[in-house]
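The structure under discussion appears below in the form of structure tokens.
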Amino acid sequence: MEDANSGNYLSFISENSLQDGILTEEELTNIQGRLWILLGNRTERFTMGDSSSIPIETAQELLKSICFSIGMYLKSNDDSISLLKKENMEALLKLGWAKIETEIETGQELLRKAKANVLPIENISYNDTLQEISAFFKKYDYKFFAHEMPCDIDYQLCQAVPEELQGIEYINEYLRRFVIENELCRRFNTEKIKVLLKRYCLDYKGLLINIYEPIVTNAVGLVLLDGDIASLDITDSDRIQMIYLFRKWTKEEAVEALRQASEKLCCCMQIMDPAEKEYLKAATANLYARIETVLLTNQLDGIFLSLSQSEEMGASGVQFVDGEMMDNEKLRMFIDEMSNCRYLSDKIAMLKQQVHSLCDCVEILNTCFWDDEFIELYDALDKMELAVLLNFIYEKQDESPDWCSESGWEQQLIKYISEKSNLS
Amino acid sequence: MDKRFDMTVVNMQKLQTAAELRECNELTVQFGLSLSEQQIQSLVEKRFEALKNTGRIEFGQGILKKLIIEFCDSPYITQENYEDTILELQDSFYYFKNESNDMISDEELISFMKHHFDGICQGSLEYLSDMTLEGLCRNTRYGYETDDTDMF
Numbered sequence: 000m001e002d003a004n005s006g007n008y009l010s011f012i013s014e015n016s017l018q019d020g021i022l023t024e025e026e027l028t029n030i031q032g033r034l035w036i037l038l039g040n041r042t043e044r045f046t047m048g049d050s051s052s053i054p055i056e057t058a059q060e061l062l063k064s065i066c067f068s069i070g071m072y073l074k075s076n077d078d079s080i081s082l083l084k085k086e087n088m089e090a091l092l093k094l095g096w097a098k099i100e101t102e103i104e105t106g107q108e109l110l111r112k113a114k115a116n117v118l119p120i121e122n123i124s125y126n127d128t129l130q131e132i133s134a135f136f137k138k139y140d141y142k143f144f145a146h147e148m149p150c151d152i153d154y155q156l157c158q159a160v161p162e163e164l165q166g167i168e169y170i171n172e173y174l175r176r177f178v179i180e181n182e183l184c185r186r187f188n189t190e191k192i193k194v195l196l197k198r199y200c201l202d203y204k205g206l207l208i209n210i211y212e213p214i215v216t217n218a219v220g221l222v223l224l225d226g227d228i229a230s231l232d233i234t235d236s237d238r239i240q241m242i243y244l245f246r247k248w249t250k251e252e253a254v255e256a257l258r259q260a261s262e263k264l265c266c267c268m269q270i271m272d273p274a275e276k277e278y279l280k281a282a283t284a285n286l287y288a289r290i291e292t293v294l295l296t297n298q299l300d301g302i303f304l305s306l307s308q309s310e311e312m313g314a315s316g317v318q319f320v321d322g323e324m325m326d327n328e329k330l331r332m333f334i335d336e337m338s339n340c341r342y343l344s345d346k347i348a349m350l351k352q353q354v355h356s357l358c359d360c361v362e363i364l365n366t367c368f369w370d371d372e373f374i375e376l377y378d379a380l381d382k383m384e385l386a387v388l389l390n391f392i393y394e395k396q397d398e399s400p401d402w403c404s405e406s407g408w409e410q411q412l413i414k415y416i417s418e419k420s421n422l423s
Numbered sequence: 000m001d002k003r004f005d006m007t008v009v010n011m012q013k014l015q016t017a018a019e020l021r022e023c024n025e026l027t028v029q030f031g032l033s034l035s036e037q038q039i040q041s042l043v044e045k046r047f048e049a050l051k052n053t054g055r056i057e058f059g060q061g062i063l064k065k066l067i068i069e070f071c072d073s074p075y076i077t078q079e080n081y082e083d084t085i086l087e088l089q090d091s092f093y094y095f096k097n098e099s100n101d102m103i104s105d106e107e108l109i110s111f112m113k114h115h116f117d118g119i120c121q122g123s124l125e126y127l128s129d130m131t132l133e134g135l136c137r138n139t140r141y142g143y144e145t146d147d148t149d150m151f
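Chains as they are written, first to last, in numbering that gives the first Met the number 0: chain A, 0 to 423; chain B, 0 to 151.
The structure is reproduced here in structure tokens:
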């Protein structure tokens, strides 16, 4: 069954009207007969009277073009069925062409807008597609092949144009979306975009990537973290915090948080156009499916990118290398010493100076710190250290969901980060 | 397109073609050629078969009438081989329309066929198809000029 928005609108309304009883079998046969005669006339014009027969494939394309053109006119009319029943097919075709001509003008306007707002990014598909669409308006033969798109569109949009659209309708919808994406991207610093794209894909100039998507993803991430949106930078510790947030939320809560983030982003970026807002909302809504997949591995670095990663590391993310562990005797003595220490500030200083291994640190957190001491301890640790501890908790909980420490340091840490997130 | 509707159109085309062929008898009779009603029906049926086999579609009057008008004065066509020759010519015509990528008009192709059929082929349909028409289509596809020097 054809779709109402599909290229073959004519077929769609004919079938539907037949089912609804608006059109009788005889009337449909009559419409088809008149279409057949029109196809014969168009074929004669196409061959310029040189040939009485044409390959079936060519006839099919000519018929598709006729149906597309007439459909273009009928779409904009409420009484399309009565028009089909009574009106001369040749006249309907000409009215369809007039509608297509208007659409071509709209498309050329959109193309001018797209060219005026083009991003200074050296991506081959991005720049080539614009050139190809310029050529489309020269090559588009709407009198015989109105449903075709004589150009190569390589650049992938964040929200792809529905496949059902054909000809000028497809091109115009593509350009509308292209302009919307450019409008948002232009609000960010070009150099930052280039660095972000390099993190997204090392060969961002040559490969078929979308520019809008990584920008929106990081911008939404920064909204969630209440960070600096313009920086487009999401650090390793930000990602750990993000993991915490998404693990804390249920699916519904996460989707709602993303929706709110997209709205906040619109406010921050002063996006007023409803179409731009809708587009951003849809792009953000798609984000959750990707996050949900990687959340199991605690690796958000493929989604929320960091601008400051070293080039060699690419998008592989942060690597944690544990320090040297103390031997058992030394650790026992250290724990004794910590236990006898009267001042919390001294204990924290000792921990920061002398403990170099995560295992030792966890051991000490289990035995040497209690209740209120944790808040001060966590205040003293930097974001990266907290992130490593948080990651340890998630890994441990993944192994054994009932795991909990003697001192309850892990619950204190989750509570601490939660409060920090709520404050920010 | 609706299958039942296709059939209606085909039937209308068949009736139209049959009427055209009957009209042709008036012209060909002066060359000692005429088609019986049975032969007309057979030719009409074969027209649609030929179109189907070559993956083509035809609007309006078919090519049969044009072929008959062009070939009826050929010295190599007699009443005995008239129907078979027209049938073969029709098949070749559609086949070579495809082979030439539709770059040769109906009139040009028919005229070329007649010219060579009466000339170098001396009424041989095999020679016409295998040698001359193949060459014509090859030259047309590659944009070469057709060598007509050894026509007779």
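Just so you know, even glycine gets a beta-carbon here, dropped at the ideal spot from N, CA and C.
For clarity, every value in this text was computed on a predicted model and none was experimentally measured.
Cβ pair residue i, residue j closer than 8 Å
| i | j | result |
| --- | --- | --- |
| Leu412(A) | Leu388(A) | yes |
| Glu433(A) | Cys157(A) | The shown model of chain A, from 0 to 423, leaves out residue 433(A), and the question about it has no answer. |
| Leu364(A) | Trp402(A) | no |
| Leu221(A) | Met241(A) | no |
| Leu73(A) | Leu83(A) | yes |
| Thr139(B) | Ser99(B) | yes |
| Leu42(B) | Thr84(B) | no |
| Gly122(B) | Tyr75(B) | yes |
| Asp335(A) | Leu357(A) | no |
| Phe187(A) | Ile214(A) | yes |
| Arg46(B) | Gln89(B) | yes |
| Leu304(A) | Leu174(A) | no |
| Asp232(A) | Leu306(A) | yes |
| Gln60(B) | Glu19(B) | yes |
| Glu168(A) | Glu102(A) | yes |
| Tyr154(A) | Tyr199(A) | no |
| Cys267(A) | Ile228(A) | yes |
| Val293(A) | Ala260(A) | no |
Whole-number beta carbon distance between residue j and residue i, since they are thought to touch under 8 Å
| i | j | result |
| --- | --- | --- |
| Phe95(B) | Leu66(B) | Not confirmed; about 13 Å, so no contact. |
| Thr283(A) | Leu257(A) | 5 Å |
| Leu26(B) | Cys71(B) | 7 Å |
| Asn122(A) | Lys250(A) | Actually they are not in contact, since the Cβ atoms of Asn122(A) and Lys250(A) sit about 34 Å apart, beyond 8 Å. |
| Cys367(A) | Met337(A) | 4 Å |
| Tyr377(A) | Leu385(A) | 6 Å |
| Asn181(A) | Asn116(A) | 4 Å |
| Phe136(A) | Gly106(A) | 7 Å |
| Gln52(A) | Ile56(B) | Contrary to the premise, residue 52(A) reads as Ser rather than Gln in this sequence. About 6 Å separates the two Cβ atoms, so the contact holds. |
| Pro54(A) | Asn97(B) | 7 Å |
| Leu94(A) | Asn171(A) | Contact doesn't hold; Cβ gap of about 19 Å is too wide. |
| Pro273(A) | Thr189(A) | Not really, about 27 Å apart at Cβ, beyond 8 Å. |
| Ser355(A) | Glu328(A) | It is worth fixing the name first, because residue 355(A) is His in this sequence and not Ser. The pair is not a contact, with the Cβ atoms about 17 Å apart (cut-off 8 Å). |
Closer than 7 Å at the beta carbon, the chain A residues around residue i
| i | result |
| --- | --- |
| Ser104(B) | Asp49, Ser50 |
In DSSP terms, what residue i is bridged to
| i | result |
| --- | --- |
| Glu57(B) | Ser52(A) |
Contact list for residue i against chain B, beta-carbon separation under 8 Å
| i | result |
| --- | --- |
| Gly39(A) | Phe58, Gly59 |
| Glu43(A) | Phe58, Gly59 |
Chain-ordered neighbours of residue i on chain B, where CB pairs are closer than 7 Å
| i | result |
| --- | --- |
| Ile55(A) | Gly54, Arg55, Ile56 |
Contacts that residue i makes with chain A (C-beta to C-beta distance below 9 Å)
| i | result |
| --- | --- |
| Ile62(B) | Ser51, Ser52 |
Under 9 Å by beta carbon: chain B residues contacting residue i
| i | result |
| --- | --- |
| Ala58(A) | Arg55, Ile56, Phe58 |
Determine which residues of the region 38–55 of chain B have a Cβ less than 7 Å from any Cβ of chain A, and write them out in chain order.
Leu50, Gly54, Arg55
Chain-ordered residues of the region 72–106 of chain B with a beta carbon less than 8 Å from chain A:
Tyr93, Lys96, Asn97, Asp101, Ser104, Asp105, Glu106
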